[in-house]
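Protein sequence lines, in the order shown, are assigned to chains A and B.
Residue 58 in full-length UniProt numbering sits at position 58 of the first sequence, and the numbers go up by one each step.
Residue 93 in full-length UniProt numbering sits at position 93 of the second sequence, and the numbers go up by one each step.
C-beta: ideal position from N, C-alpha, C; glycine also.
Keep in mind the model is a prediction, meaning the values are calculated, not measured.
2 protein chains.
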Amino acid sequence: MGLTKTEIFTDKQNKLAQMMKALAHPARIAIIQSLIKAEACVCGDLVDELGLAQATISQHLKELKNAGLIQGTIEGTSVCYCIDPKVWKQYKEAFDTFFVAYKNKDNCC
Amino acid sequence: MGLTKTEIFTDKQNKLAQMMKALAHPARIAIIQSLIKAEACVCGDLVDELGLAQATISQHLKELKNAGLIQGTIEGTSVCYCIDPKVWKQYKEAFDTFFVAYKNKDNCC
DNA sequence: TATAATTATCGTAATATTGCGATAGATATG
DNA sequence: CATATCTATCGCAATATTACGATAATTATA
């Protein structure tokens, strides 16, 4: 086992879970927040900023890239990473929809 | 290795990542959505509803309980689970704050 | 072309997660 | 009290994640 049974859930449920997963690590939260503050960033800056090895940062950046949240454009010897506004909006809306679904009705438990 | 270095991140970053992790599985998303729809629920119903074994459901419920998102009150031989409104609100606000921080400025990359 | 600078990838070790059968624990009912 | 019902926990196997050193790949510069 150890394998999530995606086939028994809806596409939306699987997608939302994957979105959550993309952000379910403090390093990736920190990277995103750093990109927001800087509006642009290269991996090297992040290695200095966070306390993780270059290989580790690169791996987290790859996951964020796979999630679609960030894009990287090559700029000389370095890479400029930034947030993808469209995907960010999709995330925001998906999360909003999820959290808005529950209204506290005080009529249970 | 294999151990997240929480000590190099802020409390907020660690907490937000943990919140994301609590919801980073389709079964837990499905459980929450089921609780929202039913306004109350027992574990047995979820076992029928989702296609996972009772032990697995119980494990996911435990994680959601640890995350504070749900509460369980014993009701005879079964347990009535429901969402904790206060914690839900905290989650909602934390997520909102995170997603609102980025404004698309079209002046990068 | 050689060197420096920067990022990606590979390989590996340690830890975490997922799923489930088996079983224990708790409570209602006969 | 014995039995049925329901949930929690244990133990295990399979897979995933995290972290990092070493190294490859790419591009700028001397």
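- Message: Against chain A, does B:LEU64 count as a neighbour if the rule is that its beta carbon must be under 8 Å from one of theirs?
- Response: no
Taking the alpha-carbon of A:LEU3 as reference, which of B:VAL87, B:THR56, B:ASN66, B:CYS82 has the nearest alpha-carbon?
B:THR56
Query - CA nearest to the CA of B:LYS5, picked from A:LEU50, A:VAL79, A:ALA67, A:GLN90 - result: A:LEU50
Just checking: is the beta-carbon of A:THR6 within a distance shorter than 8 Å of some beta-carbon in chain B? For A:THR6, a Cβ of chain B is located within less than 8 Å of the residue's own Cβ.
DSSP three-state label for B:GLU49, please.
helix
Q.
Quick check: the segment 28 to 41 of chain B against the segment 79 to 92 of chain B, are at least 3 beta-carbon pairs closer than 8 Å?
A. yes
In terms of residues, what are the limits of the beta strand (DSSP E) holding A:ILE70? 70 to 75
Point to revise | A:TYR102, DSSP secondary structure in three states | key: Judged by DSSP in its simplified three-state form, A:TYR102 adopts coil rather than helix or strand.
My guess is that B:PRO26 and A:PHE99 are in contact by the Cβ rule of under 8 Å, so how many angstroms apart are they, rounded? About 17 Å separates the two Cβ atoms, so there is no contact after all.
- Query: Would you call the segment 58 to 69 of chain B and the segment 84 to 103 of chain B touching, i.e. three or more CB-CB distances under 8 Å?
  - Reply: yes
Name, going along the chain, the residues of the segment 39 to 70 of chain A whose beta-carbon falls closer than 8 Å to a beta-carbon of chain B.
-> Close to chain B, meaning a Cβ-Cβ distance shorter than 8 Å, are the following residues of the segment 39 to 70 of chain A: GLU39, ALA40, LEU50, GLY51, LEU52.
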